[in-house]
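Under my numbering, the first residue of the sequence shown carries the number 53, and numbering increases by one thereafter. Take a look at the structure set out below.
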Amino acid sequence: MIIMIDLEQYKPNINKTCNALPIKRLSLFGSILNDNFSDQSDIDVLVSIDDREDLDRFEIYFQLKENLENIFERTVDLVIEKKFNNPLFQKSVSATKVTIYER
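Set out below in structure tokens:
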């Protein structure tokens, strides 16, 4: 079953989560933004984390993933923003991503 998701209802909690962590930018991509999103879909999230060297990116990654899964009440596929090895994937993500948080 295809469903539509109202992202506005999640933004206050997303903003609160991102403000509490050193998140520079959070974007969505994939099926959540098109007609392929269903009750079985995960949510594809692209994240840019502050690049200070004193940060534990491993801890931040899993804390953010857990918080987003609690907010959306479904599995989140969290991808760190970078230049991807697969140029087709890079092009697809760049063309379709929607930024929902930026510091």
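Just so it is clear, CB atoms sit at the ideal spot from N, CA and C, and this is done for glycine as well. Only a predicted model underlies this, so the values are computations on that prediction, with no experimental measurement involved.
Less than 7 Å separating the beta-carbons of residue i and residue j?
i: S83; j: S93; result: yes
i: V97; j: L140; result: no
Is residue i helix, strand or coil when you go by DSSP?
i: E154; result: strand
i: K117; result: helix
i: R109; result: helix
i: I75; result: strand
Go to residue i, then tell me how far its beta strand (DSSP E) extends in each direction, as first and last residue.
i: K63; result: That residue, K63, is in no beta strand (DSSP E); its alpha helix (DSSP H) goes 63 to 72.
Tell me the rounded alpha-carbon separation between residue i and residue j.
i: F81; j: I95; result: 8 Å
i: E125; j: Y153; result: 19 Å
i: F114; j: L107; result: 13 Å
i: I54; j: Y62; result: Below a pLDDT of 50, predicted positions are generally treated as unreliable, and I54, at 48, falls in that range; the measurement from the model is reported next regardless. Their backbone Cα atoms lie some 19 Å apart in a straight line.
i: L73; j: K149; result: 21 Å
i: D102; j: I66; result: 17 Å
i: S146; j: N137; result: 14 Å
i: K134; j: E121; result: 22 Å
i: N71; j: N119; result: 12 Å
May I ask you to list the residues that DSSP assigns as paired with residue i?
i: V97; result: L80, L130
Which residues mark the beginning and the end of the alpha helix (DSSP H) in which residue i is found?
i: L140; result: 139 to 148
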